[in-house]
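Notes for the one structure printed next.
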Amino acid sequence: MFKSIRESLTRTRQSVFGQIVSVLGMGEITDETWDDLEALLIQADVGVPTTLALVDALRARASKDGLFRAEQLIQALKEELRAILFDPPVFELEEPRQLTVVMVVGVNGSGKTTTIGKLAHKYLADGRKVILAAGDTFRAAAIDQLKIWSERAGAPLIAGQPGSDPAAVAYDGIRAARARGFDLLIIDTAGRLHTKFNLMRELEKMRSVCQKSVHAAPHEVLLVLDAPTGQNALTQAQKFKESVHVTGVILTKLDGAAKGGMVFAIYRELGLPVRFIGTGEKIEDLAPFDPDLFIEGLFEG
Ligand SMILES: Nc1nc2c(ncn2[C@@H]2O[C@H](COP(=O)(O)OP(=O)(O)O)[C@@H](O)[C@H]2O)c(=O)[nH]1
Ligand SMILES: [Mg+2]
Numbered sequence: 001m002f003k004s005i006r007e008s009l010t011r012t013r014q015s016v017f018g019q020i021v022s023v024l025g026m027g028e029i030t031d032e033t034w035d036d037l038e039a040l041l042i043q044a045d046v047g048v049p050t051t052l053a054l055v056d057a058l059r060a061r062a063s064k065d066g067l068f069r070a071e072q073l074i075q076a077l078k079e080e081l082r083a084i085l086f087d088p089p090v091f092e093l094e095e096p097r098q099l100t101v102v103m104v105v106g107v108n109g110s111g112k113t114t115t116i117g118k119l120a121h122k123y124l125a126d127g128r129k130v131i132l133a134a135g136d137t138f139r140a141a142a143i144d145q146l147k148i149w150s151e152r153a154g155a156p157l158i159a160g161q162p163g164s165d166p167a168a169v170a171y172d173g174i175r176a177a178r179a180r181g182f183d184l185l186i187i188d189t190a191g192r193l194h195t196k197f198n199l200m201r202e203l204e205k206m207r208s209v210c211q212k213s214v215h216a217a218p219h220e221v222l223l224v225l226d227a228p229t230g231q232n233a234l235t236q237a238q239k240f241k242e243s244v245h246v247t248g249v250i251l252t253k254l255d256g257a258a259k260g261g262m263v264f265a266i267y268r269e270l271g272l273p274v275r276f277i278g279t280g281e282k283i284e285d286l287a288p289f290d291p292d293l294f295i296e297g298l299f300e301g
C-alpha cells in the first residue's frame, strides 16, 4: 500500500513538497524563507487558512527552539503537518454488525460510481457480503455504469427505473440486503448540483429512509472529492457536510494531480478524516489513507 500512496503522490511531491528542501535553500532563515514556504503550501492546495496557521506555528517553533537554518524547518514542518491529521473516530464501515449501510455522495464526475466498484472489490476480498444500490436514478447511464462495476466486482446490484425515487431504491437495497443475508450495503447517489433540482433534500430523504429502517444507519456517509478540482471541492464539501452529515472523505484522482495538500485542508477546515485515496481508474486503485505513509510519500520519492 505504501507504494500505491507514494506513487499517487508523485506529482505533489515533485512539484511541491519534495522541492521545499531545495527552494528553502540551506542558508539561514530569512523573511524570504517564510514567504517561499507560504507560496509553496498554497500551490500544493493546502488552502490559505491552513497554510497561514502552519507558517505561524513554524515561526513560533523556530523562535522557541532556536532554529535558525532553513533545513531545520523540514522536520518541524513534517511534524506540524502530521499533527493536523487527527486520529479519526472508528470507521463504522469496518465495525461488525448485521448490516452496515454506507451512502456515497459527491458532485457529478468526482468518482462516486468508480469508487463504489473499488470499495465493493476491496470488502468482498475482506470476506464481507457486499450489495450495491443504484441511487443515482437521475440518468439512465449512471445505473448502467454502476451495473458494470457491480459485475466487475462481483456484488449484486439493486436498481430501479431511471427517474424513480432514489429513497425507494435505498429502501429496496436495505430490504434485499436483509432478505438475502448481505452485511454491507453501499448506496450510490446523484451528484447534480443544479438550481431546479434539490440534491440536498433528495439526499436527506435517502438518509432518513436508512435511519428509519436500520439502527444507526447510515453508518458512514462518505463524500467523494476530486483532487484536481482543488479548493472548489472544499466549498462543495461544506454544503454536503451541513446537509447530509458526511462522516469521511475519499479523495480521488490524486494520481493525476499535484494537489495532495488538499488533505490538510480537509482535516483542518472541514474537520473530516480522509478514509481512502483514489490512485487510478482500475478496480484495485484505492488505498486506505495512512497519515504516516502519506507524510512520508509527500517528501520522499
Ligand atoms: N485517474 C483517476 N481517475 C478516476 C479516479 N476515480 C474516478 N476516476 C475517473 O473519473 C471519472 C468519473 O468517475 P465516476 O465514477 O463516473 O464519477 P461520478 O459521476 O461521481 O459517479 C471516470 O472517468 C473515472 O474513471 C481515480 O482515483 N483516478
Ligand atoms: Mg456516478
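Residue numbers for the sequence shown follow the numbering used here, beginning at 1 and rising by one.
For glycine and all other residues, C-beta sits at the position ideal for the given N, C-alpha and C.
Keep in mind that this is a model prediction, so the values were computed, not measured.
Below 8 Å on the Cβ atoms is my guess for Val23 versus Leu9; work out the distance and round it to an integer in Å. Start at 1 with the first residue of the sequence shown, and residue 23 comes out as number 23. Start at 1 with the first residue of the sequence shown, and residue 9 comes out as number 9. That pair is no contact at about 18 Å.
Is Gln75 near ligand 1 - that is, is its Cβ less than 8 Å away from at least one heavy atom of it? Translated into the one-based positions of the sequence shown, residue 75 becomes position 75. It does not: the Cβ of Gln75 is nowhere closer than 8 Å to a heavy atom of ligand 1.
On a CA-only basis, which of Ala258, Leu234, Leu254 is nearest Leu270? Give me that one, please. Start at 1 with the first residue of the sequence shown, and residue 270 comes out as number 270. Nearest option by C-alpha distance: Leu234.
Could you say if the region 128-139 and the region 223-232 meet the contact criterion of at least three C-beta pairs nearer than 8 Å? no
Under 8 Å by Cβ, that's how I've got Arg187 and Val104 pegged, so tell me the actual separation to the nearest angstrom. As a working mapping, residue 187 is identified with position 187 in the sequence shown. As a working mapping, residue 104 is identified with position 104 in the sequence shown. The sequence shown places Ile at residue 187, rather than the Arg named in the question. Indeed they touch by this definition, with Cβ atoms about 7 Å apart.
Beta bridge counterpart(s) of Glu220 as assigned by DSSP: The sequence position of residue 220 within the sequence shown is 220, counting from 1. Partner(s): Val102.
Tell whether a beta-carbon distance below 9 Å holds between Leu132 and Leu93. Translated into the one-based positions of the sequence shown, residue 132 becomes position 132. Translated into the one-based positions of the sequence shown, residue 93 becomes position 93. Contact flag unset, no.
Let's see if you can read the secondary structure: which residues bound the beta strand (DSSP E) around Ala287? As a working note, residue 287 is residue 287 in the sequence shown. Residues 286-288.
Quick one: residues in its chain with C-beta nearer than 6 Å to the C-beta of His121, no 5 flanking neighbours on either side, listed in chain order? Residue 121 sits at position 121 when you count from the first residue of the sequence shown. Hits under 6 Å: Ala153, Ile283.
Cutoff 7 Å; reference Val214; Cβ partners in own chain excluding five residues on either side: Within the sequence shown, numbered from 1, the residue matching residue 214 stands at position 214. Excluding sequence neighbours, Val214 sits near Leu99, Val101, Ile174.
How would you write the range of the beta strand (DSSP E) that Arg246 sits in, first residue to last? The sequence position of residue 246 within the sequence shown is 246, counting from 1. A quick correction: the sequence has Val, not Arg, at residue 246. It is not in any beta strand (DSSP E) - Val246 carries neither H nor E in the DSSP assignment.
Within its chain, find whatever has a CB closer than 8 Å to the CB of Leu272; leave out the 5 residues flanking it on each side and keep chain order. Your numbering for residue 272 matches position 272 in the sequence shown. Leu223, Ala237, Lys241, Val246, Thr247, Gly248, Val249, Ile266, listed in sequence order.
For a test of your reading of the model: does the CB of Gly191 fall under 8 Å from any non-hydrogen atom of ligand 2? Yes or no. Position 191 of the sequence shown holds residue 191. The answer is yes for Gly191.
Measuring only from the beta carbon, is Lys147 closer than 8 Å to any heavy atom that is part of ligand 1? Position 147 of the sequence shown, counted from the first residue, corresponds to residue 147. No.
Can you find the residues in the same chain that come closer than 6 Å, C-beta to C-beta, to Ile42, ignoring five residues on each side of it along the sequence? Translated into positions along the sequence shown, residue 42 becomes position 42. Same-chain partners within the cutoff: Thr51.
Please report the Cβ distance between Thr189 and Ser164, rounded to the nearest whole angstrom; I am assuming they are in contact, meaning their Cβ atoms lie under 8 Å. As a first step, residue 189 is located in the sequence shown; it is residue number 189 there, counting from the start. As a first step, residue 164 is located in the sequence shown; it is residue number 164 there, counting from the start. Actually they are not in contact, since the Cβ atoms of Thr189 and Ser164 sit about 14 Å apart, beyond 8 Å.
Could you give the residue range of the alpha helix (DSSP H) that holds Gly297? For this step, residue 297 is matched to residue 297 along the sequence shown. Counting along the chain, the alpha helix (DSSP H) containing Gly297 begins and ends at 291-299.
Ligand 2 heavy atom lying under 8 Å from the CB of Ala133: Taking the sequence shown and counting its residues from 1, one reaches residue 133 at position 133. False, no ligand heavy atom lies under 8 Å from that Cβ.
Can the beta-carbon of Leu54 be found closer than 9 Å to that of Ile29? The residue given as residue 54 occupies position 54 in the sequence shown. The residue given as residue 29 occupies position 29 in the sequence shown. Not in contact: Leu54 and Ile29 (Cβ atoms no closer than 9 Å).
Are Phe17 and Phe299 close, meaning C-beta to C-beta below 9 Å? By 1-based counting over the sequence shown, the position of residue 17 is 17. By 1-based counting over the sequence shown, the position of residue 299 is 299. Contact flag set, yes.
Go to Asp188, then tell me how far its alpha helix (DSSP H) extends in each direction, as first and last residue. Stepping through the sequence shown from its first residue, residue 188 is reached at position 188. Segment 184-189 is the beta strand (DSSP E) holding Asp188; no alpha helix (DSSP H) there.
Limits of the alpha helix (DSSP H) - the one that Leu124 falls within: Within the sequence shown, the letter at position 124 stands for residue 124. Leu124 -> alpha helix (DSSP H) spans 112-125.
Say yes only if the C-beta of Lys112 is nearer than 8 Å to one or more non-hydrogen atoms of ligand 2, and no if none qualify. The count along the sequence shown starts at 1 and reaches residue 112 at position 112. The answer is yes for Lys112.
Cβ separation of Leu73 and Leu58, assumed to be a contact under 8 Å, to the nearest whole Å: Counting from one through the sequence shown, the residue named residue 73 turns up at place 73. Counting from one through the sequence shown, the residue named residue 58 turns up at place 58. Indeed they touch by this definition, with Cβ atoms about 6 Å apart.
Other residues of its chain near Ala258: CB distance less than 6 Å, five sequence neighbours each side excluded: By 1-based counting over the sequence shown, the position of residue 258 is 258. For Ala258, where only same-chain residues beyond five positions count, the Cβ hits under 6 Å are Arg11, Thr12, Ser15.
Please list, in chain order, all residues of the same chain as Ala167 whose beta carbon is under 7 Å from its beta carbon, the five residues on each side excluded. By one-based count along the sequence shown, residue 167 stands at place 167. Result list for Ala167: Lys205, Met206, Val209, in chain order.
Is Gly135 near Thr252, with beta carbons less than 9 Å apart? Within the sequence shown, numbered from 1, the residue matching residue 135 stands at position 135. Within the sequence shown, numbered from 1, the residue matching residue 252 stands at position 252. It is not a contact, given that the beta carbons lie outside the stated cut-off.
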